[in-house]
């Protein structure tokens, strides 16, 4: 029986699902002969060369300070019962409605004490802190009627999984400023298994909900919490700015469908750091709208910084960009990724019809263990919202730098496939050492252009482009290299760039 849901809220958005992807058949590959001493050398480079958090996380620092709220109430004051059975949606809504009166008085805190607090979807307000006790668990209802239907996202044009609207997230916010969702490692559990069953059985009428979705919001902090069993993506800031996600754990079964961890979408000035994520899809996936709707809405994701992420995924990647990237993605800096037992390490996904761009991406200090495909770029990925997309709208992919990577027990070093007639350019690999366990060519490349330096196994021919200096050239953000280098210009990788922090002195 099809699952239907209630009333329609305000005009909103639309959520993204992940369609079944046709994975290429990967045959066994050649065993790497990299020496242990080489691994030690590269590991040393990884530890020392890009400890440059201080250089490129200025907006992270700005987001970390938030004054305590002068007013506070507990959800039990509004009739909530933490027995795991009583439905507390009205109690949460009434408490938040009451706290609106403190918005211009320094804001207020809603405290959730120890207990199991069953609730449907509820909406936050500006100048609010939602704080969970260490033994508090907010539990999402398994009744789909408790998750109202809202409009699609304008940059998607329809629900990501199905035409029409989508279910509102468990914790929702629209056009907010100064919002904190935090705790002493309390838990938010979406009880997603019922939603995964409905999805797998094709009995949904609308796209599944997220655990947290904030739209058109700014000055957002999400920290010190555990998120479990999201029906869809766990944390989805969309059309947001000044967002910090810090010290969170995100868990879902490795076979749960499309349970991404953190998906910044058409958002800027976002910082994600010190998180553990183990889910059924991408740990972090940066997006910006879908085909003609994303092109028209034209709101990019930009200036996103990612530090120290640990986790695993059997169906996704540690860090992914796309495939919904039609509004553009740029100025992405990530370091400190530690990934194990996963399908992909780094993934860029796009398709004809997407339009948009992915550029100025800098990924460094990455350690992978037991990963099937270390680096993958796919130019033919994904479905389309409808038949009106423009197949001639080709994405622009350039200035992608991946360096200081160590991998052991890697199946395939890289599958880098652009779009015929639309080569992806300025792809640079540097200081990449992968211990490949299969006995076939470790790289497969087509319709890409770029450079490589100190890459083992040796990279594919398209990444051996002519270099300006005596070694391969990379395009590097000027915040990550010593003074004297120019953004967008080739950099001689043989010079000492191991201590960029020193340039701040």
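Numbering (my numbering), first residue to last: 41 to 545. Here a beta-carbon is modelled for each residue, glycine too, at the ideal position from N, C-alpha and C.
Annotation: the segment 328 to 368 contains the following complete segments of the alpha helix (DSSP H) (minimum length 4 residues), in chain order: 331 to 337. Using a Cβ distance threshold of 7 Å, residue 490 and residue 462 do not count as a contacting pair. Cβ neighbours of residue 380 within its own chain (closer than 7 Å, five residues either side excluded): 352, 409 and 410. CA-CA distance, residue 460 to residue 487, rounds to 6 Å.
Residue range 129 to 139 is occupied by the alpha helix (DSSP H) that includes residue 129, with no beta strand (DSSP E) assigned at that position.
Distances from the CA of residue 338 to each of 305, 317 and 156 were compared; the closest alpha carbon is that of 305. Around the beta carbon of residue 471, 16 or more other beta carbons sit within 10 angstroms, so the residue counts as buried. Out of 478, 475, 479 and 468, the CA that lies nearest to the CA of residue 500 is found in 468. Assignment of residue 176 by DSSP, reduced to helix, strand and coil, places it in the strand class.
Residue 303 is positioned such that its CB atom lies closer than 7 Å to that of residue 276.
Looking at the DSSP output, residue 213 bridges to 254. Here residue 210 really is in contact with residue 249; their C-beta atoms are around 7 Å apart, less than 8 Å.
The C-beta distance from residue 308 to residue 343 rounds to 5 Å, short enough to meet the 8 Å contact threshold. Residue 138 and residue 412 have their alpha carbons spaced roughly 51 Å apart. For residue 212 and residue 429, the gap between their C-alpha atoms comes out near 30 Å. Per DSSP, the continuous alpha helix (DSSP H) segment holding residue 234 begins and ends at 233 to 240. The criterion of a C-beta distance shorter than 7 Å is satisfied by residue 176 and residue 226.
Separation of residue 274 and residue 187 (C-alpha to C-alpha, rounded to the nearest whole angstrom) is 15 Å. Listed in chain order, the beta strand (DSSP E) runs fully inside the segment 273 to 304 are 275 to 278 and 281 to 291, counting runs of at least 3 residues. Taking 7 Å as the cut-off, the Cβ atoms of residue 246 and residue 199 count as close.
In the structure shown, residue 168 adopts extended strand secondary structure according to DSSP, grouped into three states. In this structure, residue 141 lies away from residue 160, with their beta-carbon atoms at least 7 Å apart. Less than 7 Å separates the beta-carbon of residue 223 from that of residue 172.
For the set 330, 359, 114 and 155, the Cα lying nearest the Cα of residue 318 is the one of 359. For residue 116, no beta strand (DSSP E) encloses it, and the DSSP letter there is neither H nor E.
Here residue 144 is exposed, its C-beta having fewer than 16 other C-beta atoms within 10 Å. Its Cα nearest to that of residue 103, the residue 281 stands out among 395, 398 and 281.
Taken through DSSP and simplified to helix, strand or coil, residue 474 comes out as strand.
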